[in-house]
Amino acid sequence: GGAAPPDMSLLAKARGVTRGFPQFVFDIFTQYAQGGPDYIHSLLTGYDEQPPAGMEIPEGTHYNPYFIAGVSLKMPNPLSDDQVTYDDGSPQTVDQYSRDVSAFLMWAAEPHLEARKKTGFRVLVFLLLFGALVYLTKRKVWAGVAH
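Under this note's numbering, think of the first position of the sequence shown as 73, with each following residue one higher.
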């Protein structure tokens, strides 16, 4: 009874939730860009909430207050506690599972993000050093010229 599932590798980027004023201004300075993973985490953990009194949920659907496109969706709760055992002792909860799924989907959407950030940092360091050398060379060349 539904459509084909979406490409999950781009879900984290595609579901970036816009945050109104003034949050988007602060996001520029804090480099917050996790709206997609936050949405996925909320969606996966929001199944346990009950609908408000008087709200009718169509049969065969499941209420989720965080679902942007409506009040319910056909996908049942995909996660439950104690499904996965972690070797490092992390909690085996829906919250932890949804954080892991969200982080993985963000990585799948941007697998080369860390390499690009490292390259960008190296370029900025190079430009700072190159700019300093150009400035010092300019001072040396023009030092003997009367202004």
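Every residue gets a Cβ at the ideal spot worked out from N, C-alpha and C, and that includes glycine. All of these numbers come straight from a predicted model, not from anything done at the bench.
Which residues does DSSP list as the beta-bridge partners of residue i?
{"i": "Y135", "result": "S144"}
Buried or exposed for residue i, going by 16 or more other Cβ atoms inside 10 Å?
{"i": "A84", "result": "buried"}
{"i": "M127", "result": "exposed"}
{"i": "S225", "result": "Nothing in the structure corresponds to residue 225, since the chain is present only between 73 and 219."}
{"i": "H113", "result": "buried"}
{"i": "V166", "result": "buried"}
{"i": "L116", "result": "buried"}
{"i": "Y135", "result": "buried"}
{"i": "P148", "result": "exposed"}
{"i": "P94", "result": "exposed"}
{"i": "P109", "result": "buried"}
{"i": "S174", "result": "buried"}
{"i": "S162", "result": "exposed"}
{"i": "Y158", "result": "exposed"}
{"i": "L185", "result": "exposed"}
{"i": "L201", "result": "exposed"}
{"i": "L205", "result": "exposed"}
By the three-class DSSP mapping on this structure, what secondary structure does residue i have?
{"i": "V156", "result": "coil"}
{"i": "E182", "result": "coil"}
{"i": "G92", "result": "coil"}
{"i": "I129", "result": "coil"}
{"i": "V173", "result": "helix"}
{"i": "H113", "result": "helix"}
{"i": "G192", "result": "helix"}
{"i": "G161", "result": "coil"}
Report the CB separation of residue i from residue j in whole angstroms; it is logged as a contact under 8 Å.
{"i": "D153", "j": "Q164", "result": "6 Å"}
{"i": "G118", "j": "P137", "result": "6 Å"}
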